[in-house]
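Residue numbers (the numbering used here): 443 to 891.
Cβ atoms here follow ideal geometry from the backbone N, Cα and C, with glycine treated the same way.
Computed from a prediction, not measured in an experiment: that's the story for all the values here.
Everything below concerns the one structure shown next.
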Amino acid sequence: MTNAFSLFSSLKDRIARHEARVATVGLGYVGLPLALTISEAGFPTTGLDLNEARVAAINAGERVISYFPEDRIRNAVAGGRFSATHDRTSLAGVDVILICVPTPLSPRREPDLSYVLRAAESIAEWLQPGQLVVLESTVWPGATATVVKPILESRGLRAGEDFFLAFSPEREDPGNHKFDTRSIPKVVGADDARSRELIDLFYSQIVTKTVPVSSLATAEAVKLAENSFRTVNIALVNEMKVAMEAMGVDVWEVVQAAATKPFGYMPFFPGPGIGGDCIPVSPAYLSWRAKDVGSAMPIVDLARTNNENAPDMIAGRVAVELSKHSRVPVTGARVLILGIAYKKDVEDTRVSPALAILKRLEAMGATCDFHDPYFPVMPLTRDDPDLAGRRSVPLTEEVVAGYDAVLVATDHSLVDYALVARVARLLLDTRNVFAARGLLPPAGRFVKI
């Protein structure tokens, strides 16, 4: 116990003096913003990623995430407090290790912790006494203690005594200019008092507010609760959209008016479905874990099904509106999809509903192209490898006029919506972008869906 107290005191002192060396494992949309924020707070920080091309681009100061300030990465590297590497031996020389790797769903729609397992195995190989290891990746409650901890302890060191173990759910919102890594409160949890004190102290140097909770499992559950809440409400508003349309009521106007109530209501807006690495994933982890302990989450499961079916419903509406307004069958129709990212103003197509719609329309016999200012060329992705290499078409009057329908799937800011409104033969809007801009075309060729 004396050694454990000595290790704890030494690391606590280094953190308080901003001398603790930090490594983030994974330099994606969570790990890279976190690593930069930590280095900007004064801690020497290394980012570890196995993608050598990404590591090289970061070390060259390239703007690998579009919504970053243009010089943010370049300044961090030039300042000497931040660098990237693909060398796992670097883990031996740091004090705090943050795991920020993907936790997607398997083909069976169940939790896939393979990236976390590989990260934990690499850390275990180089784990040193006195280090603090923090998992940030989304997992089910209990995973840090029952999956990650045994791997880290496999070489003889013990959590809470020889090293320290904590969990802090990531809360990144790519492209959000109001809240960033530093300003979003950070939930921190651990199963022993020393680990909890260390992670609370560490993040209190980085972010404006920490929120300590009693255990690893509680911290893990926080992320699942947040995104399950969003999943249920997104499903609800999309369901309301269909019902209110049948009543002749514009759900967008309803939600905007309801949002003026200063209590008891939070606005959620309809759309073509959910995407990204959080909302489609967290509820599945929560539901899976509930079944594992003999319980169930039927409301969450129903919302998941509703959201997963949304792209098919949109594709079906496109077929209906083509026939209704243009007298064009979906088989052989030419459809232009505006935006293939899962949300506006980011270069991220993970679980994008726009791509699901594109594939469904093509399965129905349509010919689909896309325009997206963030994707001149569709990259190779795990979700949609068959779409790799397809190119964004230019947005000109001649190009737009050549399609039977134009579908707004992602409401990027850098799109000439006035041109589209003026030229499109049939305009289908899933994001309310035209009404919001006062660009409503004639009813005969414009439909909110």
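- Judged by DSSP in its simplified three-state form, Ser657 adopts coil rather than helix or strand.
- With contacts defined as CB atoms closer than 8 Å, Ile716 and Pro611 fail to qualify as a contacting pair.
- In the structure shown, Arg731 adopts helical secondary structure according to DSSP, grouped into three states.
- Taken atom to atom, the span from the alpha-carbon of Pro627 to that of Leu476 is near 13 Å.
- Per DSSP, the continuous beta strand (DSSP E) segment holding Ile539 begins and ends at 538-541.
- For Gly631, DSSP records a beta bridge to Phe609, Val655.
- DSSP, read as helix, strand or coil, puts Ile779 in strand.
- For the segment 514-560, the full-length alpha helix (DSSP H) segments reaching 4 residues or more read 514-520 along the chain.
- CA-to-CA, the gap between Val865 and Leu837 works out to about 11 Å.
- Spanning the alpha carbons of Lys890 and Asp825 requires a straight line of approximately 28 Å.
- Non-local C-beta neighbours of Asp604 in its own chain, meaning closer than 6 Å and more than five positions away in sequence, comprise Pro571, ordered along the chain.
- Here Leu856 carries a coil assignment [DSSP, helix/strand/coil].
- Using a C-beta cut-off of 8 Å, the segment 761-778 makes no contact with the segment 722-735, since fewer than three inter-stretch Cβ pairs fall below that distance.
- Considering only Pro583, Pro753, Ile457, the residue with the shortest C-alpha distance to Ala632 is Pro583.
- According to the DSSP assignment, Asp743 belongs to the alpha helix (DSSP H) that extends over 740-763.
- Residue pairing by DSSP leaves Val674 without any beta bridge partner.
- Here the segment 497-512 does not lie against the segment 572-579, with fewer than 3 beta-carbon pairs under 8 Å apart.
- Where Ala477 is concerned, the enclosing alpha helix (DSSP H) starts and stops at 473-482.
- Per the DSSP secondary-structure output, His813 pairs in a beta bridge with Leu780.
- Distances from the CA of Glu614 to each of Ala518, Lys786, Arg624 were compared; the closest alpha carbon is that of Arg624.
- Lys665 has its alpha-carbon roughly 23 Å from the corresponding atom of Tyr509.
- CA-to-CA, the gap between Ser737 and Val581 works out to about 18 Å.
- Non-local C-beta neighbours of Leu599 in its own chain, meaning closer than 7 Å and more than five positions away in sequence, comprise Leu569, Pro571, Phe605, ordered along the chain.
- Beta-bridge pairing by DSSP links Ala465 to Thr488, Ile539.
- Between the alpha carbons of Ala663 and Ser670 lies a gap of roughly 10 Å.
- Within the same chain, Met682, Met686 come within 8 Å of Val696 by CB-CB distance, once the 5 residues on both sides are set aside.
- DSSP places Lys703 in no alpha helix (DSSP H); its state is neither H nor E.
- CA-to-CA, the gap between Tyr557 and Tyr727 works out to about 15 Å.
- For Ala877, the enclosing alpha helix (DSSP H) stretches over residues 875-878.
- By alpha-carbon distance to Leu881, the top candidate from Ala860, Arg867, Arg516 is Ala860.
- Out of Leu594, Phe450, Ala635, Arg887, the CA that lies nearest to the CA of Asp846 is found in Arg887.
- Here Glu763 really is in contact with Leu870; their C-beta atoms are around 6 Å apart, less than 8 Å.
- Following the DSSP letters along the chain, one finds Ala805 inside the alpha helix (DSSP H) bounded by residues 795-805.
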